[in-house]
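Input: a single structure, listed below in structure tokens.
2 protein chains.
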Amino acid sequence: MQKGRKTMRLSAQEIYDRLVNDDHILELEGQIKFYLGDVDIIVKQKDVVGNIMQEWLQGWLDKRGIEYAPSENTQMPPDFFLNPDDRTRGLLEVKAFNRNGTPGFDIADFRMYAAEIQEKPYMLDVDYLIFGYDMSDDGVVTIKDVWLKKVWQITRRMENYPINLQVKDGVIHKIRPGVWYSERATDYAIFDSLEDFIAAIEETTFKEPKLRDSVASTWLAVFQKNYKARYGAELNVPRWNDIKDKYDLVTDKKKEKAIEYYEKCKSQKQKVDERVLKFQQRIIEATTDKQKANAEEGLTRALATMETAIKKLNEAKENCRAVGVDIEERPQ
Amino acid sequence: MQKGRKTMRLSAQEIYDRLVNDDHILELEGQIKFYLGDVDIIVKQKDVVGNIMQEWLQGWLDKRGIEYAPSENTQMPPDFFLNPDDRTRGLLEVKAFNRNGTPGFDIADFRMYAAEIQEKPYMLDVDYLIFGYDMSDDGVVTIKDVWLKKVWQITRRMENYPINLQVKDGVIHKIRPGVWYSERATDYAIFDSLEDFIAAIEETTFKEPKLRDSVASTWLAVFQKNYKARYGAELNVPRWNDIKDKYDLVTDKKKEKAIEYYEKCKSQKQKVDERVLKFQQRIIEATTDKQKANAEEGLTRALATMETAIKKLNEAKENCRAVGVDIEERPQ
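Taken in order, these protein sequences are the chains called A and B. Residue numbering for the first sequence follows the working numbering, starting at 1 and increasing by one per position. Residue numbering for the second sequence follows the working numbering, starting at 1001 and increasing by one per position.
As structure tokens, this is what we get:
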């Protein structure tokens, strides 16, 4: 597998820097070609690129004389051991996805992954080298983005599970990434920290039927024991229930909108109140029948508007209650 | 789309002959390569080949100066019009599949296809140029087989439908091919004729929920009208019920086995009958007590065997009845 001279040992960050700064990978134009007989064609299948960037990187490592050992296990990170002498450090996983869509690759099977990081906490330190590629209609391949990330920097919760999962017929399968590069996430935020990611994994073991009745209740304790053995101290893992809301942008956004609408309705109601008061005042102060009649007409119109304003305000309050916002109740 | 000199107009058969006999396609070694920067790798994804043979053939047609017009409609055959002046003749569809598996390509969506051949009977004359490829572990692509077939020569019935279909949740989707090149089919035979294929299509329209209540009852009549308009006479389409059994190799095989087993049991029973008779005869003819005792002992053993033989024969008869074989009942 390992061809050519091996003169250098680089870290994942050094590999990233070299790809981006020395080899200008973001400016290259590539292509896939099929040769048979004296006829060759450009292959224009976008999904192929996602599956071959790992092999390309291996070719690149070979060509640049960068040391590595390939992993035999394709089911679990990493793809490469950058320090073949110590397979617990310098772990590199390569991912690629069509930058015009959302990341479609898998992180790992949830159950296998939960067992793996529990036993080998250093697996949490795997560097993910991620390529966001594009293929033009003519088959020209370009790399639009390269990222170097830890697992918790590319994952997030989902609605019904603490981690984003591929769930089929109620059965949990693969952990899937979130959209970590979006300027404005609209549903669930990417994790803030490794600690929160671990809290999510632990909580998910209770949601996985096969794990709930076996390892779930002891998963965190065993993890902490192994983590401490490796890093000298336990990880300060919060309880999922204490942190889950901060990742829920859907509900946050709904709350914001509910409050905004309530404030708008309250302000409209106040304006109508003022108009009603104004016409009541005018009726009192009227010196002619004409003035009185005009003021009474205005009051009638204002009272009709008041009815609508009260109805809207009550709806807005109800909506606030529904999304869990506490509106201070003052007598109107 | 059409580059290069266009000097020749070839038929599908001429294209097939040229690929196989002049260009020796069965002896070529191809590969897929990915180029990015100064690093290139061989792509080892077997499924890619299935999707690019059509483009390769287009490159080949270009290079050989063979005339064609590509089709715009990717949902329906053909891929190429070999006679761009008459798009009802010289229709060529290209398919490819991994020769180490079974043909995995789709023929077409059933409902669309039924409508298409009804309106355009010449679509039944489309030539299918089919490549059976292989990719080695090193990514070397070879073409193991090339076939030129009509649609009815690559399709067959299935258990519950007159034509082999992809059925999801009871809904009919694509028509799928059978294994037309197998020396010994084990389940359902490939159609014998276009007529039988049409009988199967018609019968299937009655099994498709959306077609059953709409076009099913008139499908064949409209087809025949259009077929006659094109070819001068109607097609002699049999009724599916009259032909369906001849394509059912599963049942045939079961029947053969049932008869074979019945004959075996019958022959065993006859042998036991003969032994019983023999010992009965010996008892009658015995002249000493010793002879009589021996004969009686033999009769006891033979009668015990008889019991088993009768039981087996009855089971064999029952089995024949179950698979629909008429066993002539003679008094034993």
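For every residue, glycine included, the Cβ atom is placed at its ideal position computed from N, Cα and C. Every value quoted in this text rests on a predicted model; they were computed, and no experiment measured them.
Kindly indicate the opening and closing residues of the alpha helix (DSSP H) around residue i.
| i | result |
| --- | --- |
| residue 147 of chain A | Unbroken run through residue 147 of chain A is the beta strand (DSSP E), 141 to 149; no alpha helix (DSSP H). |
| residue 1045 of chain B | Where residue 1045 of chain B is concerned, there is no enclosing alpha helix (DSSP H), given that its DSSP letter is neither H nor E. |
| residue 263 of chain A | 249 to 285 |
| residue 115 of chain A | 110 to 119 |
| residue 1289 of chain B | 1289 to 1322 |
| residue 1194 of chain B | 1194 to 1205 |
| residue 1243 of chain B | 1240 to 1243 |
| residue 211 of chain A | 209 to 212 |
| residue 1017 of chain B | 1012 to 1017 |
Residues of chain B with CB under 8 Å from residue i, in chain order?
| i | result |
| --- | --- |
| residue 45 of chain A | 1048, 1051, 1052 |
| residue 147 of chain A | Under the 8 Å cutoff, chain B gives no residues; its nearest Cβ is about 17 Å from residue 147 of chain A. |
| residue 82 of chain A | Ordered by position in chain B, no residue passes the 8 Å Cβ test against residue 82 of chain A, which lies about 18 Å from the chain. |
Who are the neighbours of residue i on chain A, taking C-beta pairs under 8 Å?
| i | result |
| --- | --- |
| residue 1032 of chain B | 32, 33, 34, 35, 43 |
| residue 1063 of chain B | 38, 39 |
| residue 1028 of chain B | 36, 37 |
So, for residue i: in the same chain, excluding its five sequence neighbours on each side, which residues have a beta-carbon less than 8 Å away from its beta-carbon?
| i | result |
| --- | --- |
| residue 1330 of chain B | For residue 1330 of chain B, the predicted model reports a pLDDT of 44, less than 50, meaning its position is unreliable and no value from the coordinates is stated. |
| residue 1008 of chain B | 1064, 1065, 1066, 1067 |
| residue 28 of chain A | 142, 143 |
| residue 122 of chain A | 88, 89, 91, 230 |
| residue 1165 of chain B | 1110, 1158, 1172, 1173, 1174, 1175, 1176, 1204 |
| residue 1004 of chain B | Bear in mind that the predicted position of residue 1004 of chain B carries a pLDDT of just 49, short of 50, making it unreliable; the figure below should be weighed with that in mind. Excluding positions up to five away in sequence, the list reads 1062, 1063, 1065. |
| residue 1303 of chain B | 1276 |
| residue 240 of chain A | 162, 199, 200, 202, 203 |
| residue 226 of chain A | 118, 119, 120, 121 |
| residue 1074 of chain B | none |
| residue 33 of chain A | 40, 41, 42, 43 |
Are the CB atoms of residue j and residue i within a distance shorter than 8 Å?
| i | j | result |
| --- | --- | --- |
| residue 1098 of chain B | residue 1046 of chain B | yes |
| residue 91 of chain A | residue 78 of chain A | yes |
| residue 1041 of chain B | residue 55 of chain A | yes |
| residue 219 of chain A | residue 202 of chain A | yes |
| residue 1152 of chain B | residue 1223 of chain B | no |
| residue 1114 of chain B | residue 1156 of chain B | no |
| residue 12 of chain A | residue 124 of chain A | no |
| residue 1037 of chain B | residue 23 of chain A | yes |
| residue 319 of chain A | residue 258 of chain A | yes |
| residue 1112 of chain B | residue 1076 of chain B | yes |
| residue 296 of chain A | residue 284 of chain A | no |
| residue 1059 of chain B | residue 1096 of chain B | no |
| residue 1254 of chain B | residue 1323 of chain B | yes |
| residue 206 of chain A | residue 221 of chain A | no |
| residue 1084 of chain B | residue 1108 of chain B | no |
Starting from residue i, trace the beta strand (DSSP E) both ways and give me its first and last residue.
| i | result |
| --- | --- |
| residue 1031 of chain B | 1031 to 1036 |
| residue 233 of chain A | Run containing residue 233 of chain A: none; DSSP gives neither H nor E here. |
| residue 98 of chain A | 91 to 98 |
| residue 1175 of chain B | 1171 to 1175 |
| residue 1166 of chain B | 1165 to 1168 |
| residue 1107 of chain B | First-last for residue 1107 of chain B: undefined, no H or E at that position. |
| residue 1130 of chain B | 1127 to 1135 |
Can you find the residues in the same chain that come closer than 7 Å, C-beta to C-beta, to residue i, ignoring five residues on each side of it along the sequence?
| i | result |
| --- | --- |
| residue 100 of chain A | 134 |
| residue 1020 of chain B | 1026, 1146 |
| residue 31 of chain A | 42, 139, 140, 141 |
| residue 1208 of chain B | 1110, 1111, 1172 |
Closer than 9 Å by beta-carbon distance: list the chain A residues that pair up with residue i, in chain order.
| i | result |
| --- | --- |
| residue 1055 of chain B | 34, 41, 42, 43, 44 |
Along chain B, in chain order, which residues have C-beta atoms closer than 9 Å to that of residue i?
| i | result |
| --- | --- |
| residue 25 of chain A | 1036, 1037 |
Which chain A residues sit within Cβ distance under 7 Å of residue i?
| i | result |
| --- | --- |
| residue 1141 of chain B | 36 |
Only counting the same chain, and skipping five residues up and downstream in sequence, which positions put a Cβ closer than 6 Å to that of residue i?
| i | result |
| --- | --- |
| residue 1044 of chain B | 1139 |
| residue 1299 of chain B | 1279 |
| residue 1250 of chain B | 1187 |
| residue 57 of chain A | 94 |
| residue 1312 of chain B | 1265 |
| residue 1002 of chain B | The predicted position of residue 1002 of chain B is uncertain, since its pLDDT is 47 and thus under 50; a value taken from the coordinates is nonetheless stated next. Within the same chain, residue 1002 of chain B has no close Cβ partners at all. |
| residue 1316 of chain B | 1261, 1262, 1265 |
| residue 1193 of chain B | none |
Residue i touches chain B at which residues, Cβ-Cβ below 7 Å?
| i | result |
| --- | --- |
| residue 60 of chain A | 1039 |
Can you confirm whether residue i, when its beta carbon is compared against all beta carbons of chain E, has any partner nearer than 8 Å?
| i | result |
| --- | --- |
| residue 1033 of chain B | Chain labels in this structure do not include chain E; the protein chains are A and B. |
With three or more beta-carbon pairs closer than 8 Å as the criterion, would you say the segment 224 to 238 of chain A touches the segment 265 to 281 of chain A? no
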